[in-house]
Structures are given as structure tokens and as C-alpha cells.
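Asker: After the C-alpha cells below, expect a handful of questions from me.
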Amino acid sequence: MVAMEKRSLNLLDEALGLEQQTDPWPLRGKLLLIEDCVETSGSFVLHHLVKRILFPNSSNIIIFLAFSRAFSHYDRILRKLGCNLVSQRDNSRFFFLDMLMLQCPDGNEGKTSEGGFAALYGKMQKIICALPEIYKNHVTVMIDDVSLMEVAAYGSSDHVLDFLHYCHTLTSDFSCSLVILNHEDIYSSMERPVFILQMEYLADVLIKTQPLATGLAADVHGQLTVLNTGISIGKGNLKNKISNFHFMVKENSVEYFYPGSRS
Amino acid sequence: MAESICRTLRDGSLEGEHAPALTIKDTAASPFGFDVFAYVLSQLSSFILAGKSQSRVVVVVAFTRSPSFYVDLLKRRGLDVTSFHKWIQILDCYTDPLGWKGKLVESGNAMCISDEASSVTHLCKDVRDLDNLYSLILELGKGLAGQGKAHFSVAIDSVNEMLRHASLSRVAGLLSNLRSHDQISCIYWLLHSDLHEVRVTSSVEYMSSMVANVEPLNPSASGQRWDSENVSLLKQNFQKGKLNVRFKRRNGRVRLMCEEFHIEQSGINFTPVSSEDGTINQGLLPKVQFSLQLSEKEQTERAKVLLPFEHQGNGKPIQIYDGRRSLEDNKNEATLASTGNLQRNEASGEGEIIYFRDSDDERPDSDEDPDDDLDI
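As given, the protein sequences belong to chains X and W, one line each in that order. Counting in the numbering used here, the first sequence runs from 1466 upward without gaps. Counting in the numbering used here, the second sequence runs from 82 upward without gaps.
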């Protein structure tokens, strides 16, 4: 238990195969999709990953596409978790692209949303290409969140998918990792939720936050299901791993535990 | 059965017939269509390398995976990298499908990436232009196989991506043109069927002579694709599933087969469905409390029962009543019946069926037209 605390490992890290916290970074070249719903926000997973990726002495870089919140919001939260985003930004390890005011980004290619997204992709590729050689293969692209991207594209999910496809090519060109947040319940009434299904087919790891099936509880905020189809965890012969556990979001941390394991 | 799919693709097309075409389809409940796709590709590749197949070259149209992914995949399966350029071509629709990167290069943000895949890769910069795509596929195939009689195979890793960029009729046109091309020996593609309406899936299936359907072993009861209330079911469905294959013959005959697969670290593994008939039958039979099937003991006992007509094998000549004459060893009743004199055997008190014909002339089915009195 003491050893566990020392390495600050939790069930989520285990499910993602982060226990071998060294080279090569286990999430390299993978796509993580976080799906949440309005009762249980999944942004804490995003914050947790930012902290893990920017651990001290690592050569990891984050490019953060923020469609939902301003920089100060993330800065405050990460500071409580023990990670200073301002200094990381000044050290060029955290690139924050503020997309809040983006109404179909019109780059130099005219007014179509496709051109806008192409320009945004160009910007990201430029950032990566400008990095020193040792950092080039340690980039994580994070998108918070894709549903607002759809809004920015005036509802054209095809353009968003095109953009995501180009982001996906970064995973093979530069071994980037990709972390995407989306809201599942937005699509729940559709008979064929094509947009979210497309992303699920692309994803190597799918993380779902859901409320408890049994209803509200005072000391459990929800459950996490992690479906890991792309990251080898090493044990056993089976490729796909599924973990399911409960979580509780606290002021400075998040507690993860198996159902019934906490007294 | 995965074997017999690969054999059919290996054997290729007959002169003047369409090439055999395979649709691999899956849904989010069991998203392992790509594993099957990769398996078929590696089998086909080893057939080509061994010179066993009709085609000499395979053209992979890569929409969802990078060319280097395919090169790594085939390398992991133990195929010889140095000879790749002789028998495989990858049409890269993954790296730059809409030409965004091309424009960046023009504006001075060049990015050069080269790896060992580049020698067998050809970049397609606009996947929306299907005519161009068609001619590129043919060009790549003919480039290696040569003109004339030499054949090549085509593998398309996502029809969904094609459908996202072009209309169904255009995509169907492309697939069917490829299928009917002289030099193409076989063609197969992957389709995630839940991304499209049923009519799209079926029109793609119409164009294929084989359909391999990847299904979960235990479809969740609620019909939802993700039933997190039942994690153990989810666990099972993400480790194994079943592959239902439908073969369509030229004459329209259809054969259905089923196989189980396991997803393992090393790839996908196929096993015949355990005691094949048994499981299939069990799947079809409704779950009832009483037994609808015979145990082995019951079956042997049943085989021992003498059926009525078998009683006669006791040395005497075997005679089967043909409705005209009585059996010799039958006594009164039968004799009376055949001569037309019917007497009820009231004394014995037992019921019996006595049949006699009206006359020997009457045929069971008269060839008279029953309707010939109608004036039409």
C-alpha cells in the first residue's frame, strides 16, 4: 500500500497500463476516447492525464485544443493537483490553443469550416515540426471537447471527422497520442449515433464515465469503464482488457476503488 | 471457414466470370472486423508468396491504417520484407485524403517522413474522386502484375470512409467495376454495418459472393451496444465472438457456416464451433424444461426397434401389400376386402381399417381434365 502511494498509482493508471512509467510512454501512438454524460463529467480524467503526461523530468509535450474552457480554468484545477500549467506553458511543453471564440475557424483558406479546420491542423503540424528532435515523438494532442467542435463547424460532423482523421495521421507520422473528450448522451436519442460510433472504431482506449446504475450515492460519484483494446499491459494472452470501478471526485484528488472494496 | 474464405479468394475468378468478392462486416458490439481483414490479408499474402494463388500481386487500398502499419503487420506474420516491392502495393488514402498536407507543403511547411513502407506506397491526395481512385488501383495492380493475363487482388480496408466522401451509387459503381475487371482475381473489403442504413449495407452485400459477419457471442439483452451494467458480458464479447459466413454460388445456392474466434495478443484465432451441429442446434432450439433431443443411449435403443415392415424377415418371402391383392397369410378379412365383400368383424370388438379399390381400372389420378366442362 505504501509503495502504491509512493508512485501515486491508482486503478485508472493500471487500466491504462501506466504502471511502467518510463520509455516508451505506453500511450504513444494511441487514441484515447473519453465519453461522459451530463450527470458525471469526464473532465477529471482529462485533468488526471494532463498531470500524468507532464510529470517532472519527462520529455512529453501537450497540445491542448480548448473549445469549452479558458486557460485559467485548467490552470486552477491543475495547480490543486500539483502541476503548474503556466510554467509548463512558458517552457513550451504545454501549448494551449484557445478555440473558445471559434466560429468555424477561417484561416487563410476562406470561410468554409473545412478550410478552417485545415488551417487549424496546419497550425498543429507546424508546432510539432518546430519542436526539437527529442520532443517530436512525445506529443499528446488533447481536445476538450469534440461536441463543441461540431458546434463550431455549424453541425457538420463530417468536417469534424475529417479533422480527427488528420489528427489520427499524427499518431502514425509522429507517434503522437490523441486524447478526445466527447459527451455520449448528446447522441443517445439517435437511432444510429454515427459520429460517436466512428470515433469508437478509431479509439484504442475507450473510457466511459457513467452514473451508478443503482442511482445516487453520497460517497460514490459514478463508475468508470475502461475498454483497452490497443495498449498491451503485459499480463496474459488476451489482447482486450476491460476494467470497471467506481470513483469519487475530491477537492484535490480523485479516489478510484472497486465496488464494495471501501468500508 | 476462415480458411475456406481464403481458399476461395486464392482460387480467384473463372474466365468470363466476376471475381469472387468478400464483404467483412461488423458492428460496435463486436468490432473485430479489422482483425478478420488483417487475417485474410496475411493469408492471401502468404498464398501469393508461395505462388499458390491465381493472383500474383495484392493492392491494398488503405483508408484507416497507415501503410507502415500494414508493412509491420505483414512483417510480424513472418513475411519477407525484402520482396515486398514485387508483390504488394499500398494505395495510401490514409495520410492525406483531402490534400490538406499537400497544401501545407506548398505553403512551405514541408514535412518529410520516409520509412520502409514508402517503396511500396502510392499516395492518393483526393479520395473524393473515385474515377481517379479506380484508375490508380488498376495502374498499381497492372504495374506489378503486367498487362495481359496476369491477375491481382484488391483489398479495401474501409468502405465506410469511401461512403463518407462519395455517394452510394458512385461507391457501388467503383466496387462493381473492380469486380468485373478481367485482371482482378479477387476483391474484399471491410464495412462497419452500423454506420449506415440497412439499404447501404445490403447493396454492398449484393455485390459480394461471400459475406463474413462478425457477431458477438452473446448479444446483450437490452440491445444496447454498451451495457456497462453487465461487465462480465462485455468482457466476454471483447475477447471472443463468432464469424458467420454466407457463401453464394453462381447458381444462387447459399451455404451458411459459423466459426468462433478469439482475440489474442498475437492476433485472431479461429476455432470450429465446439461440436458443431450441437451448438448450432442448441442455438436454434427454444429453451424448454423438457428434452427435445435424444441422448446417445436413447439413440441406440431407438435404432434397435423393429419397425412393422421389418417383422417379415423371418425366413418367409417378404410381401408388401400393394392395395390390389391380399397377402397370402392374411385370412378372411383381407380376402373379403379384395373381392369387394365387406363384413364387419363385430365379434372381435377391435377397430380396423379395411381398404378396397372400386375397381382395378380406376387409376389413382385420372388424367381427365376436371375443368373441361367449363366454357372459357
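Using N, Cα and C, we set each Cβ at its ideal position, and we do this for glycine too.
From this set, W:349, W:282, W:339 and W:456, which residue's C-alpha is nearest residue 158 of chain W's C-alpha?
Answerer: Nearest option by C-alpha distance: W:349.
Asker: Find out if the Cβ-Cβ distance for the pair residue 222 of chain W, residue 140 of chain W is shorter than 7 Å.
Answerer: Cβ atoms of residue 222 of chain W and residue 140 of chain W: closer than 7 Å.
Asker: How far does the alpha helix (DSSP H) with residue 1624 of chain X in it extend, from its first residue to its last?
Answerer: Where residue 1624 of chain X is concerned, the enclosing alpha helix (DSSP H) stretches over 1622–1638.
Asker: In chain order, what residues of the same chain have a beta carbon less than 7 Å from the beta carbon of residue 95 of chain W, not counting five sequence neighbours either side?
Answerer: For residue 95 of chain W, where only same-chain residues beyond five positions count, there are no Cβ hits under 7 Å.
Asker: Under three-state DSSP, which class holds residue 1723 of chain X?
Answerer: Reduced to three states, the DSSP call for residue 1723 of chain X is coil.
Asker: Please confirm whether residue 312 of chain W has its beta-carbon closer than 7 Å to some beta-carbon of chain X.
Answerer: At least one chain X Cβ lies under 7 Å of residue 312 of chain W.
Asker: Between residue 1551 of chain X and chain W, is there a C-beta pair that is closer than 7 Å?
Answerer: Residue 1551 of chain X does not count as touching chain W.
Asker: Taking C-beta to C-beta, are residue 328 of chain W and residue 336 of chain W nearer than 7 Å?
Answerer: Result yes, Cβ atoms of residue 328 of chain W and residue 336 of chain W sit closer than 7 Å.
Asker: By the criterion of Cβ-Cβ separation under 7 Å, what are the contact partners of residue 1682 of chain X in chain W?
Answerer: Per Cβ cutoff of 7 Å: no residues; residue 1682 of chain X is ~15 Å from chain W at best.
Asker: Using the rule of at least 16 other Cβ atoms within 10 Å of the residue's Cβ for burial, across every protein chain shown, is residue 201 of chain W buried or exposed?
Answerer: Buried, because 16 or more other Cβ atoms sit within 10 Å of the Cβ of residue 201 of chain W.
Asker: May I have the straight-line CA-CA distance separating residue 264 of chain W from residue 198 of chain W, to the nearest angstrom?
Answerer: Those two C-alpha atoms are separated by around 25 Å.
Asker: What residues match up with residue 1688 of chain X in a beta bridge as DSSP calls it?
Answerer: Answer by DSSP bridge pairing, in chain order: X:1675 and X:1711.
Asker: Could you work out which residue in W:331, W:353 and W:333 is closest to residue 321 of chain W when comparing CA atoms only?
Answerer: Minimum Cα distance to residue 321 of chain W is reached at W:353.
Asker: So, helix, strand or coil for residue 226 of chain W, using DSSP?
Answerer: DSSP places residue 226 of chain W in helix when its eight states are reduced to three.
Asker: Spell out a yes or no on whether the region 115–122 of chain W and the region 235–249 of chain W are touching, meaning 3 or more CB-CB pairs, one atom from each, closer than 8 Å.
Answerer: Because the criterion of three Cβ pairs below 8 Å is met, the region 115–122 of chain W and the region 235–249 of chain W touch.
Asker: What are the boundary residues of the beta strand (DSSP E) that residue 1647 of chain X is part of?
Answerer: First-last of the beta strand (DSSP E) with residue 1647 of chain X: 1642–1648.
Asker: Determine the chain X residues that contact residue 176 of chain W at a beta-carbon separation under 9 Å, and present them in chain order.
Answerer: Here the neighbours are 1634, 1637 and 1638.
Asker: Assuming residue 1644 of chain X contacts residue 1481 of chain X (C-beta within less than 8 Å), just tell me the rounded distance between them.
Answerer: Not confirmed; about 11 Å, so no contact.
Asker: Is the beta carbon of residue 1599 of chain X closer than 7 Å to that of residue 1560 of chain X?
Answerer: No, the pair does not count as a contact, with Cβ atoms beyond the cut-off.
Asker: Taking CB distances under 7 Å as the criterion, tell me whether residue 147 of chain W reaches chain X.
Answerer: Closer than 7 Å to some Cβ of chain X, the Cβ of residue 147 of chain W qualifies, so yes.
Asker: If contact means a Cβ-Cβ distance below 7 Å, which residues of the region 84–113 of chain W contact chain X?
Answerer: Against chain X - using a Cβ distance shorter than 7 Å - the residues of the region 84–113 of chain W are 109 and 112.
Asker: Contact defined as beta carbons within less than 8 Å: I believe residue 273 of chain W pairs with residue 1666 of chain X. What is the distance between those atoms, to the nearest angstrom?
Answerer: Between residue 1666 of chain X and residue 273 of chain W the Cβ distance is about 6 Å, and since that is below 8 Å, they are a contact.
Asker: Using the Cα positions of residue 1539 of chain X and residue 1550 of chain X, report the straight-line distance between them to the nearest angstrom.
Answerer: The straight-line gap from Cα to Cα measures roughly 8 Å.
Asker: Looking at chain X, which residues of the region 327–360 of chain W have a Cβ within less than 7 Å of any of its Cβ atoms?
Answerer: Those residues of the region 327–360 of chain W that come within reach of chain X (Cβ to Cβ, closer than 7 Å) are 344, 345 and 346.
Asker: Could you give the DSSP three-state label for residue 244 of chain W: helix, strand or coil?
Answerer: The answer is helix: DSSP assigns residue 244 of chain W an H, G or I state.
Asker: Could you pull the start and end residues of the beta strand (DSSP E) that residue 168 of chain W belongs to?
Answerer: Run containing residue 168 of chain W: none in the beta strand (DSSP E); it sits in the alpha helix (DSSP H), 165–168.
Asker: Kindly indicate the opening and closing residues of the beta strand (DSSP E) around residue 297 of chain W.
Answerer: Looking at the DSSP string, the run of the beta strand (DSSP E) that includes residue 297 of chain W is 291–297.
Asker: Using a C-beta to C-beta distance shorter than 7 Å, which residues of chain W count as neighbours of residue 1707 of chain X?
Answerer: Neighbours of residue 1707 of chain X on chain W, chain order: 312, 315, 316 and 319.
Asker: Quick one: which chain W residues come within Cβ less than 7 Å of residue 1704 of chain X?
Answerer: By Cβ distance, chain W contributes 344, 345 and 346.
Asker: Return the bridge partner residues of residue 329 of chain W from the DSSP annotation.
Answerer: Per DSSP, W:335.
Asker: Is there a Cβ from chain X that is less than 7 Å from the Cβ of residue 181 of chain W?
Answerer: Taking Cβ atoms only, chain X reaches closer than 7 Å to residue 181 of chain W, which makes this a yes.
Asker: Measure the CB-CB distance between residue 266 of chain W and residue 100 of chain W and report whether it falls below 7 Å.
Answerer: Against a cut-off of 7 Å, the Cβ pair of residue 100 of chain W and residue 266 of chain W comes out as a contact.
Asker: According to the Cβ coordinates, are residue 1691 of chain X and residue 1672 of chain X closer than 7 Å?
Answerer: In contact: residue 1691 of chain X and residue 1672 of chain X (Cβ atoms closer than 7 Å).
Asker: Looking only at its chain, what residues have a beta carbon closer than 6 Å to the beta carbon of residue 1653 of chain X, apart from the 5 residues adjacent to it on each side?
Answerer: Hits under 6 Å: none found.
Asker: Determine the direct distance from the alpha carbon of residue 127 of chain W to that of residue 1603 of chain X, and round the result to whole angstroms.
Answerer: Their backbone Cα atoms lie some 36 Å apart in a straight line.
Asker: From the DSSP output, which residues share a beta bridge with residue 234 of chain W?
Answerer: According to DSSP, which records beta bridges pairwise, residue 234 of chain W is partnered with W:139 and W:267.
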